[in-house]
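Reviewing the structure listed below.
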Amino acid sequence: MLSGCKGFLGNVPKGYQIPQKVEEFDLLLNGEDLLTYGASFLDLMVDQAHIPGSLPPEYMQINLTYGMSESWRRMYLYDDYFYEPNKDDQIYVNGYKRIFIYNAIIEGLKDATGDDKERSRVRAEALAGRAFEYLMLVTVYAPPYDKERASQALAVPLNLSDDINKQDLPIATQQEVWDQIFSDLDEALPALPEKPTTNAYRMSRTAGYALYARAAFLTHQYDLALEYAKKALQGNDALLDMKPLTLNVNEWAAGERNNYPEALTNPESIYIRHFLPYIGLSEYLLVGQRALALYGDEPEKDMRYFLFITDIPGGTPEANPEGEFTWNPAVEFNIGLSTPEMYLIAAECEARKGMIAEPLARLNALRAQRIHDYTPLNISDKKELISTIIAEREREYLLRGYYRYMDLKRLATDSEFAVTVTHYDVDGKAVVADPKSPDYLKHPLPYIVLEGRGE
Numbered sequence: 016m017l018s019g020c021k022g023f024l025g026n027v028p029k030g031y032q033i034p035q036k037v038e039e040f041d042l043l044l045n046g047e048d049l050l051t052y053g054a055s056f057l058d059l060m061v062d063q064a065h066i067p068g069s070l071p072p073e074y075m076q077i078n079l080t081y082g083m084s085e086s087w088r089r090m091y092l093y094d095d096y097f098y099e100p101n102k103d104d105q106i107y108v109n110g111y112k113r114i115f116i117y118n119a120i121i122e123g124l125k126d127a128t129g130d131d132k133e134r135s136r137v138r139a140e141a142l143a144g145r146a147f148e149y150l151m152l153v154t155v156y157a158p159p160y161d162k163e164r165a166s167q168a169l170a171v172p173l174n175l176s177d178d179i180n181k182q183d184l185p186i187a188t189q190q191e192v193w194d195q196i197f198s199d200l201d202e203a204l205p206a207l208p209e210k211p212t213t214n215a216y217r218m219s220r221t222a223g224y225a226l227y228a229r230a231a232f233l234t235h236q237y238d239l240a241l242e243y244a245k246k247a248l249q250g251n252d253a254l255l256d257m258k259p260l261t262l263n264v265n266e267w268a269a270g271e272r273n274n275y276p277e278a279l280t281n282p283e284s285i286y287i288r289h290f291l292p293y294i295g296l297s298e299y300l301l302v303g304q305r306a307l308a309l310y311g312d313e314p315e316k317d318m319r320y321f322l323f324i325t326d327i328p329g330g331t332p333e334a335n336p337e338g339e340f341t342w343n344p345a346v347e348f349n350i351g352l353s354t355p356e357m358y359l360i361a362a363e364c365e366a367r368k369g370m371i372a373e374p375l376a377r378l379n380a381l382r383a384q385r386i387h388d389y390t391p392l393n394i395s396d397k398k399e400l401i402s403t404i405i406a407e408r409e410r411e412y413l414l415r416g417y418y419r420y421m422d423l424k425r426l427a428t429d430s431e432f433a434v435t436v437t438h439y440d441v442d443g444k445a446v447v448a449d450p451k452s453p454d455y456l457k458h459p460l461p462y463i464v465l466e467g468r469g470e
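Numbering (our numbering), first residue to last: 16 to 470.
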């Protein structure tokens, strides 16, 4: 019913209602459009999947000859553009669609009738939601963050209006977008509810702290990221013990292949969002050998490997190329904010400060919930500890669409941990993403945006 706001309805269609009350704007925060985030195809740009030049047609996994759209092929090979002029970039389109809803709520609340405390709470949720969206967009479309260059580097248009007809917005600099993200969070945090009003699909103060930690982490403000990650963990430090979970090799559907909990019942969920489609590229990606090696000599002891990686996708051995392994979790993952991310942000930030015992304890606490017969790590070297934590982020969030992508971009300006990514075209020629390049893992803005600027 509440599918429009006065800032973008104009002539109200029959059967629609313009929100007038605070509680009506609150209901907009439950909208289906606000359940998704990002896109799984960012996995095509990083160093975790193996995309062969070709595969026999009986296999379902994507390859450069069969089973890949042209836009996906361009992403994998880092072409200058990904989408034809008549094709939508779903990260961009859906991100701004959600931002528009948040803007409409923020503006509409000014004149809405209702309790002022509730008005502040709903506004805070919308501000934090808008910050969450811009964080994705600035990470994807801007170059790797460098404080010295961020005030000149272009990112994305910064739209704070609920006017749907506003066009030709200038592209803001990277620093302008980050400044807006932190400004929105600073304003939102005091008014966010201690607990989400309905469930973890809604913002809470713990989620606000977690989002602040991620934003500070991605802009290399490691002291600030540690402060807010610790605040988030004070609100929720639960970890799921994955060791008792089981796998049903005769099933393949989400919710049937294994008993990994849904996001709503997973104690690790701080703020829930999902891929669209929800299972991402499950069953369609071969896992690269470097990523497989992360799980060690006895990989099946790690439940993240045992449950989510297989050589019999869908329970069918003949569906998998010999010697390869397929990403087949059949889980509708939460790709929003979660406690493992806060453990790992806090641990890396502590390690960067030269601490050893505290980050090692966090790392071991997480791994003990994932790995059978776990022997705690004992690391005394700072660089080795940081490297181990970064690798743990890979294991924890393998092929989740955004996590590795944002890590690679975050580390691009860090000479000790920057990663060169190499893909191969259909002829076996190397295509290299060099972290020293300002175009490293560049995701170009959509054609329609660049066209408006005469590019």
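Ideal Cβ placement from N, Cα and C applies to all residues, glycine included. Predicted model, so just to flag it, every value in this text is computed and none were measured.
Note on residue 128: under 16 other CB atoms within 10 angstroms of its CB, so exposed under the neighbour-count rule. DSSP, reduced to helix, strand and coil, places residue 341 within a strand of the structure shown. DSSP places residue 395 in the coil class of the three-state scheme, outside both helix and strand. Of all C-beta pairs linking the region 363–379 to the region 65–82, fewer than three are shorter than 8 angstroms, placing the two stretches out of contact. For residue 207 against residue 223, the beta-carbon gap comes to about 5 angstroms, under 8 angstroms, which counts as contact.
Here residue 219 is buried: its Cβ has 16 or more other Cβ atoms, across all protein chains shown, within 10 Å. Residue 254 and residue 356 have their C-alpha atoms spaced approximately 11 angstroms apart. In the displayed model, residue 72 falls within coil according to three-state DSSP, outside both helix and strand. Put simply, the region 240–249 does not touch the region 297–309. Fewer than three CB pairs are less than 8 angstroms apart. If you compare the alpha carbons of 328, 264 and 247 with that of residue 359, the shortest gap goes to 247. The beta-carbon distance between residue 411 and residue 319, rounded to whole angstroms, is 7 angstroms. This is short enough to meet the 8 angstroms contact definition. In the DSSP assignment, residue 137 falls within the alpha helix (DSSP H) that extends over 131–156. By the neighbour-count criterion, in which 16 or more other beta carbons inside 10 Å mark a residue as buried, residue 349 falls on the buried side.
Residue 322 holds the alpha-carbon nearest to the alpha-carbon of residue 344 among 96, 430, 101 and 322. Between the alpha carbons of residue 44 and residue 388 lies a distance of about 43 angstroms. Around the C-beta of residue 177, 16 or more other C-beta atoms lie within 10 Å, and the residue is accordingly described as buried. The distance from the Cβ of residue 124 to that of residue 37 is about 7 angstroms, consistent with a contact at the 8 angstroms cut-off.
According to the DSSP assignment, residue 188 belongs to the beta strand (DSSP E) that extends over 186–188. About 6 angstroms separates the CB atoms of residue 260 and residue 275; that is less than 8 angstroms, so the two are in contact. In terms of Cβ geometry, residue 60 and residue 456 form a close pair [threshold 8 angstroms]. In terms of Cβ geometry, residue 155 and residue 106 form a close pair [threshold 8 angstroms]. Non-local C-beta neighbours of residue 166 in its own chain, meaning closer than 6 angstroms and more than five positions away in sequence, comprise 188 and 190, ordered along the chain. Within a 10 Å sphere around the beta-carbon of residue 34 sit 16 or more other beta-carbons, which makes this residue buried.
Membership of residue 37 in the alpha helix (DSSP H) is indicated by the continuous run 37–43. For the set 201, 339 and 42, the Cα lying nearest the Cα of residue 139 is the one of 201.
Bridge partners of residue 324 according to DSSP: 342.
Around the beta carbon of residue 181, fewer than 16 other beta carbons sit within 10 angstroms, so the residue counts as exposed.
Under the 8 angstroms Cβ criterion, the region 49–64 counts as touching the region 408–425, having at least three qualifying pairs.
Scanning the region 275–302 for uninterrupted beta strand (DSSP E) segments of 3 residues or longer gives 284–286 and 300–302, listed from N- to C-terminal end.
About 28 angstroms separates the beta carbon of residue 386 from that of residue 429, a gap too long to meet the 8 angstroms contact definition. It is roughly 15 angstroms from the alpha-carbon of residue 392 to the alpha-carbon of residue 370. Following the DSSP letters along the chain, one finds residue 447 in no alpha helix (DSSP H) but inside the beta strand (DSSP E) bounded by residues 445–448. Considered as a whole, the region 201–249 harbours no complete run of any beta strand (DSSP E) with no fewer than 3 residues. Pairing residue 279 with residue 158, the inter-Cα distance amounts to about 34 angstroms. A buried status is given to residue 286, since no fewer than 16 other beta-carbon atoms sit within 10 Å of its beta-carbon. Cβ contact annotation for residue 147 (same chain, cutoff 7 angstroms, sequence separation greater than five): 226, in chain order.
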